[in-house]
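Per the numbering used here, the sequence shown starts with residue 3, numbered consecutively.
For every residue, glycine included, the Cβ atom is placed at its ideal position computed from N, Cα and C.
Following: one structure in structure tokens, then a few remarks.
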Amino acid sequence: SFSHHHNSMVHALPSDPAAARALEQRLLLQCLLLEAGILFHSVFVGMAVSVSTGSAFVVLLVAISFHQTFEGLALGARIAAIPTLSPSSAKPWLMALAYGTTTPIGQVIGLGARKLYDPQGEMGLLMVGIMNAISSGLLLFAGLVELLAEDFLSDASYQTLRGKRRIQACASVVCGTLMMALVGAWA
Numbered sequence: 003s004f005s006h007h008h009n010s011m012v013h014a015l016p017s018d019p020a021a022a023r024a025l026e027q028r029l030l031l032q033c034l035l036l037e038a039g040i041l042f043h044s045v046f047v048g049m050a051v052s053v054s055t056g057s058a059f060v061v062l063l064v065a066i067s068f069h070q071t072f073e074g075l076a077l078g079a080r081i082a083a084i085p086t087l088s089p090s091s092a093k094p095w096l097m098a099l100a101y102g103t104t105t106p107i108g109q110v111i112g113l114g115a116r117k118l119y120d121p122q123g124e125m126g127l128l129m130v131g132i133m134n135a136i137s138s139g140l141l142l143f144a145g146l147v148e149l150l151a152e153d154f155l156s157d158a159s160y161q162t163l164r165g166k167r168r169i170q171a172c173a174s175v176v177c178g179t180l181m182m183a184l185v186g187a188w189a
């Protein structure tokens, strides 16, 4: 089953204590980097929702709900993949709480700043563009360099993703990318 293969790839700690500690630190750093990018991005998602009006609001709300749901699932899977985080640890709960509160915080900021600038004016568009570029850069780096490289180019991935399974995994990544691009084009 996939969960057995996935768990054996992600949760298997090396027998060498130093290597196990290095793997644990790498997984935690990857997760924190991904979360930082997502949190930064989520604030601006919240701001975008709070300043949009009319039919654009409905389309944006549906697209963002879809987007944020799968982003949260991906982040939750990465948090769960850290083998040394116990259920009694506060870290996973704090990370989930941070993810769940950043979009509403962005909405509050957007509502507060709504009257201070014109979202369609030059300064408003520049601010949104620069902040979106920063957050998308963080997400692209975390997703491509930290996560996909680990999942497809590590020694563990060559042991568990062979033949048909590797093709299925690549097809899943491409399908997910296309679906998110569709959501982005629609919104």
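Residue closest to Glu37, alpha-carbon to alpha-carbon, out of Ala115, Ile66, Phe143, Gly56: Phe143
Given 8 Å, three or more beta-carbon pairs between the region 97-111 and the region 38-52: yes
Same chain only: Cβ atoms within 6 Å of Met197, ignoring 5 sequence neighbours per side: Only positions 3 to 189 of the chain appear in the structure, and residue 197 is not among them; the question remains open.
Test item: CB-CB of Leu163 and Ala171 under 8 Å: yes
Nearest residue (CA-CA) to Leu62, options Gly74, Phe46, Lys166: Phe46
For Gln70 and Glu152, believed in contact at Cβ under 8 Å, the rounded distance: About 23 Å separates the two Cβ atoms, so there is no contact after all.
Glu26 to Ala82 span [Cα, whole Å]: 12 Å
For Asp153, three-class secondary structure by DSSP: helix
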